[in-house]
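Note sheet for the following structure.
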Amino acid sequence: MNTSKFKMGNCIWWCYIIITIIGMVAADRQCHTGVSTPGYTDPYGDINIEYGNPLDITCILNDHFLKLHPEHSSSKLYFIRGQDVIPSEMIEVLNSTSISLHIDKPPKSASVYTCKLMNNTNAVCLNNVVVGTKPLPITDFKCYSLNFDNLTCTWTAPENYAKTGYNLSYYLPTRAGRNMPSQCPHIEEMVKKGGITKLKCVWSVATKPQYRQVQRTFYFELNVTNHFGSYQFNYTFSHFPHVYSGPPENLTVVNSTTNSLYLRWSVPKSMHAFPPGLQHRILYQSQYEKQWREAGFLRTLSMEDMDNVYFNVTGLKYAHALYDIRVSLRSNAADKDDESLWSTNTTVTCFTDSKIPGIPPMTNIGSFEIISSGSTLNQREVFIYWQQIPVEVANGENFTYYVEVLENIEIRPLEITHAYAKFTNLSVDQRYTFQIWSKNTIGLSDHKSILVVPKQSDRISEPLSFTKIAFGNGQYELSWEPPRNLNMPIKNYSLFWCTHDRDRPYQCTGHLSWKELPANQTVHNITVSEDTIHQFAVSANAEESSSGMVWAACTVIHNQAIGKMKNVKISQVFSTLIQLSWKLECSDRVGSVEGFVIYYCSIVKPSVINCKGPEESLIINDSTAEQANITGLLPYETYMFAVSVITKHNSQSQKSDYQFATTLEAAPSRPYGLHVINVTNTSISLTWNRPNVTNGRLKYYHIIYNGMNETIEAEIEEYTIYNLYSYVEYSISITACTTSCSEPSVPYLVQTLVGYPEKCSQPGVTFQNNSYILVEWERPKYPRGRNEIFEVKFKEKLNGDNWTHPIINVTGTKYGIQDCGSDGKYDTFYISVRAVNIFNGERYEGSWSEELESFCHTPGSILLWMLLPFSVMFIIFMVYIGRKMYFRYLEMIDVEVKLPPGLLTIEPVNISLSDYDGCPKIEDYEILPTMADKELLLLKRSGSQNMSGDSSGCSSAHESVTASIDSATHSSNSSDSGTEQPRSSSTEELQTNSLRLRNVSANRPISNKGYVTMPMENPKTAPPAFCVLTDQTPIVSVNPSYVPVPVIQTENQKMPYVLPDHLPQSTPKDLNKPCNSSYVPLSLSQITETSKDSEMVDLVSLESYKSTDSRENLPIYMQVADPTRKVDACNCNQPPLDIVALETGYVSIGDAPAPRPPVEISASGYVPQRCFDVKTLKED
């Protein structure tokens, strides 16, 4: 039962399916699902047909549609492709509801076929029909790397209307690589012009898979698939030869010469590690040559210095030329014949350096033109022509030509161009040699051209009747006649032609060429470019001379008839004359010209060509005339002119076109009717009439009066002159002006009225006697009337009070004052005046003058006259006393100081210099003289010779003992002889017993240290009675007459210094000298013991002296006592002293011995112990 139920269920299910299918089939089919259409097509949807197969489409109407629209049937069905109706021959009617389209071999296309019903806008159905082929072979597959940054493969998709798919991959040439292909990340479609589709695939370091930069070979596999089949394309790609480098970077010109350019550039960063390296190609092109040239190649390997690549482009042909330099890169592995593998060019332009021009301009023996000038024809203008050098050999900026006259370099051209130079005022009786160089900013060319212009007597005659006939297309016939009156045989002719934008008479500034013709040829045909105008010239040449160039003045057109004159113009215009000029056309010269006729008349204006009166004419009976003057014309009048030619048969050519000109303005006639309408004391009012003949446009008037001039506008005929002087007669006239002024009108005389006088000058006084004063003044510079009266204002001052008198009227310019000062009436008075004009009962008062201050004259005092001689005598007496004092002063300054006998015998001392910075400071106080001082002073008075003080300004030698007392250090022991040591003076004694030096100048500089005068002589052996100044190290073997004194010296301060045997006589003026190098201070740290007993009597202070003597370490000697006296030792045992009183370099050694008889000395030898201020130096 279960089985039967199962079978029954299956039956019911299948029945349902069958019924459903039958219902679907029986229902109306539609073109597109969900879209109601009249019918459908079969096959349904898109149709793909391989090219070469037929196309069949059936269009069927639905039954339901036909029931609703029975009027329609298959006869109304048709097909269209796109917008084109398919011919009925390709359509077959199958029945009343369907038609069939059959095309045997439809073209390759992708089209829409539509089945339509007539008179119905809706389509029955449509199909997209693609007629294509199987995938076609790839013909342009290629791969390359751009700047070693990516790998790009491109190919062109063959035209195929069937939708085609592309799958590109590569694998490496290894066993593992074949099993691991790298698919293209993305295929990009690029549509170019013409409908060509380009496909591109790019691998880079950023894609997956990445670009393998170091791989040398890639195997590519391209699979192409469409509806009709598939195709596989294999391609083996060699990587490094197809790496395109980027262009060079930072291309610059590092240096340049006249024929080379030194370049520098860098390789793109991404190409630095490119394994094969790169080729560098350098191309250049000159501005003068439109052809690229290879300068050379470079090869750089991987990892070399590619940031700075250098190359020197040499062999450049042109200096100061603009060169275009281009550099490109290519892989070293690239095919050398494949130009497509070069990178794009990097360009730089640069000028080569300049140099002097390469060549001078070329000249011909006849390339000059002479034009006579000057009234006597003794001067001439000369044009020197040359052939311009090519621009490429100019070789520098500011190119020009330099011309110099060999005979006189001071002669300079008036005008110079690139084609010629113009010289003026050259003598006809002198030969000139012209030297021509090319020149730029660097200098002149090495070579020069020479052109000789002979003097007039040596110049060959010019060719005659030089004619230029144009035949068109640049063809010309040039003809001339040989010169007449030849003074030398003709060697040849030079025919010149020059390009220019205008014909003669303009000077040619273009390129000059020439050709030499034999002497028997006078006609030459030449063909030149018809795009430019050419000027032609000819010269006749002898062996060493030439006629110069004769230019063809115009061009004769072949077979042209004579017409009216065309070259008529107004040359100059004056007020009564117009100059008319004309130039005959060459064609007009064909006939025989006898003269010219000029027609002219005055007109209203150029727009109305009607003469005001009859037309006049002027006949010129000169066939060579080219201008004429028409005289007797009216100023500022418009005229018209025309010219015609008179031929041999008294016939005239047509008149030329009329020329118009207006004569210039001239001076008008004088104004008239001038008269005065009003007069005041400062103004005059005038009126006048305009000139009868203006001769132009009246612009202004000049009013002239008494040398003054005022300009007013031409429209004014009444004017007032202001700011005139009162009571002055004026002569007034007036002129009228256009471009020039008329004659003045008849003068009109008129006088201005009375006015206020000008201020008088300050009066003056004259004392006639003690009681009468005359006051005078001058009339005003501008009286402005008759000055009928003058008013005098008088003020007096008596005993300090002022009183003004009533104003006094006078008619003259003088006024007298009586009884002035006879009895002290007043002390001082003040006077001022003014002028007054009176007119018609009215007063015109001027300004008061400046006041004169004066006083009354009184007798002089007799006491003053008595004091005058006494004053003169007193002055003479004072002058006499002053003179006597001055001469006494001069006598006293020559008095010398004499030394004690113990200090007179001074032998040469050998001294080594010690460290010293200047004179030690010594306090300004006085010292009581000791017994030794007194003895020395007695010796000084009894001596016959005067000894000068030292030149340093220190104290004289007789103060040496006092100086030792003054020092803060004394010996505490007595010598063996029992001599008592000097005691220290108290402060009171120092202040009351000051030692004075006589005859010391007041301007002597203050010194504060002790010195020893040390004249420089050759070193001597130390004499007796001296201490030896040595180092601190005791000296064992020493002359017993000397005591060594240690001196601390530095290396730079050690100087030998020795006293001479005979010292020169010193004068007191030496005391005025400052401390100098003749004095050496001593720094005594120890006095060594000598082998003899000696007594030290004084202290010597030596100043440092810098000598040129190279000897060093010489001992220093100092006299301390008489060598005959016995002393125990030269020790300086001193008691403790006040530190403040101590002075560096001073030692108290002992008392002085008894005075000895004077000894004869021949030189100054002072041993000053301390310096004194000027104020302490007085006479003893």
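Quick note, the sequence shown lines up with residues -27 to -1, 1 to 1153 if you use mature numbering (1 follows the signal peptide of the UniProt record, and there is no 0). Cβ atoms here follow ideal geometry from the backbone N, Cα and C, with glycine treated the same way. Quantities reported herein were computed from a predicted structural model and do not represent experimental measurements.
Could you check whether residue j and residue i sit closer than 8 Å to each other, using their CB atoms as the reference points?
i, j, result
"leucine 647", "leucine 659", "yes"
"aspartate 326", "serine 259", "no"
"histidine 212", "arginine 189", "yes"
"asparagine 654", "leucine 722", "no"
"serine 218", "proline 241", "yes"
"tyrosine 674", "threonine 711", "no"
"glutamate 162", "threonine 170", "yes"
"valine 666", "proline 641", "yes"
"leucine 271", "valine 282", "yes"
"threonine 273", "leucine 251", "yes"
"glutamate 731", "tyrosine 755", "yes"
"tryptophan 555", "methionine 538", "yes"
"proline 330", "serine 233", "no"
"proline 220", "threonine 319", "yes"
"valine 541", "serine 629", "yes"
"alanine 76", "leucine 28", "The question names alanine, yet the displayed sequence has isoleucine at residue 76. Yes, these two residues count as a Cβ contact at 8 Å."
"glutamine 625", "valine 570", "yes"
"threonine 231", "alanine 292", "yes"
"leucine 825", "tyrosine 853", "no"
Use the C-beta contact count for residue i: other C-beta atoms within 10 angstroms, 16 or more gives buried, fewer gives exposed.
i, result
"leucine 99", "buried"
"glycine 728", "buried"
"glycine 785", "exposed"
"isoleucine 409", "buried"
"alanine 808", "buried"
"glutamate 769", "buried"
"arginine 299", "buried"
"proline 779", "exposed"
"isoleucine 619", "buried"
"asparagine 368", "buried"
"glutamine 791", "exposed"
Please check the pair residue i and residue j, which I expect to be a contact at CB under 8 Å, by giving their CB distance rounded to whole angstroms.
i, j, result
"tyrosine 573", "tyrosine 609", "16 Å between Cβ atoms; not a contact."
"serine 822", "serine 844", "Rounded, the Cβ-Cβ distance is 42 Å, inconsistent with contact."
"lysine 290", "isoleucine 415", "About 18 Å separates the two Cβ atoms, so there is no contact after all."
"tyrosine 208", "asparagine 123", "So it is not a contact: roughly 18 Å between Cβ atoms."
"isoleucine 53", "threonine 87", "5 Å"
"isoleucine 433", "alanine 515", "5 Å"
"serine 512", "serine 467", "5 Å"
"serine 71", "cysteine 32", "6 Å"
"asparagine 810", "arginine 757", "6 Å"
"phenylalanine 763", "valine 783", "5 Å"
"threonine 406", "leucine 379", "4 Å"
Worksheet item: Can we say the stretch 512 to 519 touches the stretch 420 to 433, given the rule of at least three CB pairs closer than 8 Å?
Response: Touching, yes.
Practice prompt. Note down, one range per segment and in chain order, each beta strand (DSSP E) of at least 3 residues found wholly within the stretch 813 to 863.
Written response: Entirely contained in the stretch 813 to 863, the beta strand (DSSP E) runs reaching 3 residues are, in chain order, 815 to 818 and 825 to 828.
Fill in: Entirely enclosed alpha helix (DSSP H) segments - the stretch 605 to 669, minimum 4 residues
DSSP runs (the alpha helix (DSSP H)) wholly in the stretch 605 to 669: none.
Discussion item. Measuring CB atoms only, is the stretch 384 to 395 touching the stretch 439 to 459, in the sense that at least three cross pairs come out at less than 8 Å?
Written reply: Taking a cut-off of 8 Å for Cβ pairs, the stretch 384 to 395 and the stretch 439 to 459 do not touch, as fewer than three such pairs fall below it.
Practice prompt. Inspect the CB distances between the stretch 673 to 681 and the stretch 697 to 709 and report whether three or more fall short of 8 Å.
Written response: yes
Worksheet item: Per the contact definition of three or more C-beta pairs closer than 8 Å, is the stretch 193 to 203 in contact with the stretch 122 to 142?
Response: Yes: at least three Cβ pairs fall under 8 Å.
Worksheet entry | Whole alpha helix (DSSP H) elements within the stretch 323 to 368, 4-residue minimum | none
Item to complete: Scan the stretch 448 to 476 and note each continuous beta strand (DSSP E) run of 3 residues or more that stays entirely inside, going in chain order.
Response: 448 to 454 and 465 to 473
Worksheet item: Does the stretch 487 to 495 touch the stretch 449 to 462, meaning 3 or more C-beta pairs lie closer than 8 Å?
Response: yes
Worksheet item: Does the stretch 445 to 452 come within contact of the stretch 477 to 486, defined as at least 3 CB pairs closer than 8 Å?
Response: Result no; under three Cβ-Cβ pairs closer than 8 Å.
Item to complete: Determine, using beta-carbon pairs with one atom in the stretch 329 to 342 and one in the stretch 357 to 372, whether at least three such pairs fall under 8 Å.
Response: yes
Practice prompt. Could you tell me whether the stretch 113 to 128 touches the stretch 31 to 42, where touching means 3 or more Cβ pairs closer than 8 Å?
Written response: no
Worksheet item: Can at least three beta-carbon pairs, one atom from the stretch 366 to 381 and one from the stretch 538 to 546, be found at a separation below 8 Å?
Response: no
Worksheet item: Mind pulling the beta strand (DSSP E) runs of 3 or more residues that sit fully within the stretch 289 to 315?
Response: As far as the stretch 289 to 315 is concerned, its whole beta strand (DSSP E) runs of at least 3 residues are 295 to 304.
Fill in: Any alpha helix (DSSP H) of 4 or more consecutive residues that is wholly inside the stretch 8 to 66
You should have 36 to 41.
Worksheet entry | Every unbroken beta strand (DSSP E) inside the stretch 116 to 184 [3 residues or more] | 123 to 129, 137 to 144, 160 to 164 and 170 to 177
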